[in-house]
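Protein sequences, first through last, are from chains A and B.
Here this note's numbering runs 2 ahead of the position in the first sequence, where the first position is 1.
Here this note's numbering runs 2 ahead of the position in the second sequence, where the first position is 1.
One structure below.
2 protein chains.
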Amino acid sequence: MKLVSPGEAAANTNDIPAEAGEEFVRIGEMAKKYGVTLRTLRFYEDKGLLNPHRDGSTRLYTRRDKARLKLILLGRKVGFSLRDVKQMMDLYDPTGTNTKQLRLALDKSEKQLVRLQKQRALIDDAIGELSNSMKTVRQMLSERTAVPQASAAG
Amino acid sequence: MKLVSPGEAAANTNDIPAEAGEEFVRIGEMAKKYGVTLRTLRFYEDKGLLNPHRDGSTRLYTRRDKARLKLILLGRKVGFSLRDVKQMMDLYDPTGTNTKQLRLALDKSEKQLVRLQKQRALIDDAIGELSNSMKTVRQMLSERTAVPQASAAG
DNA sequence: CGCACCTTTTACGTTTACGTAAATCCTATA
DNA sequence: TATAGGATTTACGTAAACGTAAAAGGTGCG
Chain A
3 MKLVSPGEAA
13 ANTNDIPAEA
23 GEEFVRIGEM
33 AKKYGVTLRT
43 LRFYEDKGLL
53 NPHRDGSTRL
63 YTRRDKARLK
73 LILLGRKVGF
83 SLRDVKQMMD
93 LYDPTGTNTK
103 QLRLALDKSE
113 KQLVRLQKQR
123 ALIDDAIGEL
133 SNSMKTVRQM
143 LSERTAVPQA
153 SAAG
Chain B
3 MKLVSPGEAA
13 ANTNDIPAEA
23 GEEFVRIGEM
33 AKKYGVTLRT
43 LRFYEDKGLL
53 NPHRDGSTRL
63 YTRRDKARLK
73 LILLGRKVGF
83 SLRDVKQMMD
93 LYDPTGTNTK
103 QLRLALDKSE
113 KQLVRLQKQR
123 ALIDDAIGEL
133 SNSMKTVRQM
143 LSERTAVPQA
153 SAAG
């Protein structure tokens, strides 16, 4: 019995005790599937964000790990630090309503949203200033081309 | 003869050989004037971005240094690295038309503008995703409050 | 068997712009 | 003279998220 579904037959050489009814993938396939490097997956694990099973020393990722990775990547996309992501994930309790987790996530999200909006304002500002400077520089260049006289800058 | 104009009398205790017709300020005043730390000024000097005169070991900044610092701060504001700023400044030649400098500046600016626009797009994207997530989380929270049933997340 | 391929752990390197001591010096003033 | 304020140099520390060796081990295949 193969570890991965026939459709994803990529680099699956090892057999693994098929006691579990889950789909296991090794680190290489996991990485490809989500467009990250092996280093990244190991790094996330080292930081306590992932916790794949082991076959000896080989990491085996289940769809639970995939769900977590998706969340991590979404978190990073919206600008959360891995620390924030971990903090939120650590609150997950499969036996409860996770109200606390959701509240924390919402709280952090609101703050992050503010940060993002500030960043956007800064960037808009920068774009404005940069455009101005460029206009000036173009002006100076054209003057310099037209009338070869001395001036000052720098 | 004082080093600074009467209006800016702040912390000027030392006298300095008044041979030059320039206005010299020491690092403390320079820092206050431009809202940077002493460390920053020394750091910029270490990186070759500033080159204040010296009275013994004491740094003395002229209005030329002020002009350069202004440019540095503008550069950083629009997102240039100090390396870029230095590269552009290094091309300044008081005896020429500085066409090369201006061209480089314009070239770098165009690229930087593109980067800024990409960043803004990323941020807008992030804001969108984050807002979506927040909507979902709020939804989950309200459901959880209304009907205390099990579910899944994490 | 030997090679290719995947995997592991350990651990230093990278980037950027300073922060933060630590130890010392100079000086005008009370 | 003691003290309060600057000033100097040297140099390690910081943050974030991995990159990049290095050395080694397991495995199926021709």
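Glycine is no exception: its CB is placed at the ideal position from the N, C-alpha and C atoms.
Predicted model only: the values in this text are computed from it and were never measured.
What does the alpha-carbon distance come out to for the pair residue i and residue j?
i: residue 96 of chain B; j: residue 125 of chain A; result: 32 Å
i: residue 94 of chain B; j: residue 67 of chain B; result: 14 Å
i: residue 32 of chain B; j: residue 89 of chain B; result: 23 Å
i: residue 104 of chain B; j: residue 87 of chain B; result: 12 Å
i: residue 54 of chain B; j: residue 85 of chain B; result: 19 Å
i: residue 30 of chain B; j: residue 42 of chain B; result: 11 Å
i: residue 28 of chain B; j: residue 45 of chain B; result: 15 Å
i: residue 110 of chain A; j: residue 141 of chain B; result: 16 Å
i: residue 62 of chain A; j: residue 83 of chain B; result: 42 Å
i: residue 146 of chain B; j: residue 132 of chain B; result: 21 Å
i: residue 79 of chain B; j: residue 129 of chain A; result: 10 Å
i: residue 137 of chain A; j: residue 76 of chain B; result: 15 Å
i: residue 81 of chain B; j: residue 34 of chain B; result: 23 Å
i: residue 127 of chain B; j: residue 36 of chain B; result: 35 Å
i: residue 69 of chain A; j: residue 47 of chain A; result: 14 Å
i: residue 108 of chain B; j: residue 60 of chain A; result: 53 Å
i: residue 56 of chain B; j: residue 98 of chain B; result: 27 Å
i: residue 134 of chain A; j: residue 91 of chain B; result: 18 Å
i: residue 120 of chain B; j: residue 148 of chain A; result: 35 Å
Residues of chain A with CB under 7 Å from residue i, in chain order?
i: residue 81 of chain B; result: 128
i: residue 121 of chain B; result: 125
i: residue 142 of chain B; result: 104
i: residue 51 of chain B; result: Per Cβ cutoff of 7 Å: no residues; residue 51 of chain B is ~12 Å from chain A at best.
Can you give me the Cβ contacts of residue i inside the same chain, cut-off strictly under 7 Å, excluding the 5 residues immediately before and after it?
i: residue 58 of chain A; result: none
i: residue 118 of chain B; result: 81
i: residue 49 of chain B; result: 84 and 88
i: residue 39 of chain B; result: 33
i: residue 114 of chain A; result: 80, 81 and 82
Along chain B, which residues have their Cβ under 7 Å away from the Cβ of residue i?
i: residue 107 of chain A; result: 139
i: residue 75 of chain A; result: Near residue 75 of chain A there are no residues of chain B at all, since even the closest Cβ is about 11 Å away, more than 7 Å.
i: residue 85 of chain A; result: Chain B residues near residue 85 of chain A: none, gap ~17 Å exceeds 7 Å.
Using the beta-carbon of each residue, which ones in chain B are nearer than 8 Å to residue i?
i: residue 115 of chain A; result: 129, 132, 133 and 136
i: residue 40 of chain A; result: Chain B residues near residue 40 of chain A: none, gap ~24 Å exceeds 8 Å.
i: residue 43 of chain A; result: What residue 43 of chain A touches in chain B: nothing, since even the nearest Cβ is about 18 Å away.
Report the neighbours of residue i on chain B: residues whose CB is nearer than 9 Å to its CB, in chain order.
i: residue 71 of chain A; result: By Cβ distance, chain B contributes nothing, its closest Cβ being about 12 Å from residue 71 of chain A, past 9 Å.
i: residue 64 of chain A; result: Within chain B, no residue comes near residue 64 of chain A; the closest Cβ sits about 13 Å away, beyond 9 Å.
i: residue 146 of chain A; result: 99, 100, 101 and 104
Report all residues from its chain with a CB closer than 6 Å to the CB of residue i; omit the five preceding and five following residues, and keep chain order.
i: residue 122 of chain A; result: none
i: residue 74 of chain B; result: 51 and 87
i: residue 102 of chain B; result: 93
Flag residue i as yes when its Cβ comes closer than 8 Å to any non-hydrogen atom of the ligand HEM, and as no otherwise.
i: residue 67 of chain B; result: Ligands are entirely absent from the displayed structure, and the ligand HEM is therefore not among its contents.
What does a CB cutoff of less than 8 Å around residue i pick up in its chain, not counting 5 residues either side in sequence?
i: residue 100 of chain B; result: 93 and 94
i: residue 72 of chain B; result: 36
i: residue 106 of chain A; result: 89, 90 and 93
In chain A, what lies closer than 9 Å to residue i by C-beta?
i: residue 111 of chain B; result: 132, 133, 135, 136 and 139
For this session: Scan the stretch 36-108 of chain A and note each continuous beta strand (DSSP E) run of 3 residues or more that stays entirely inside, going in chain order.
Result: 55-57 and 60-62
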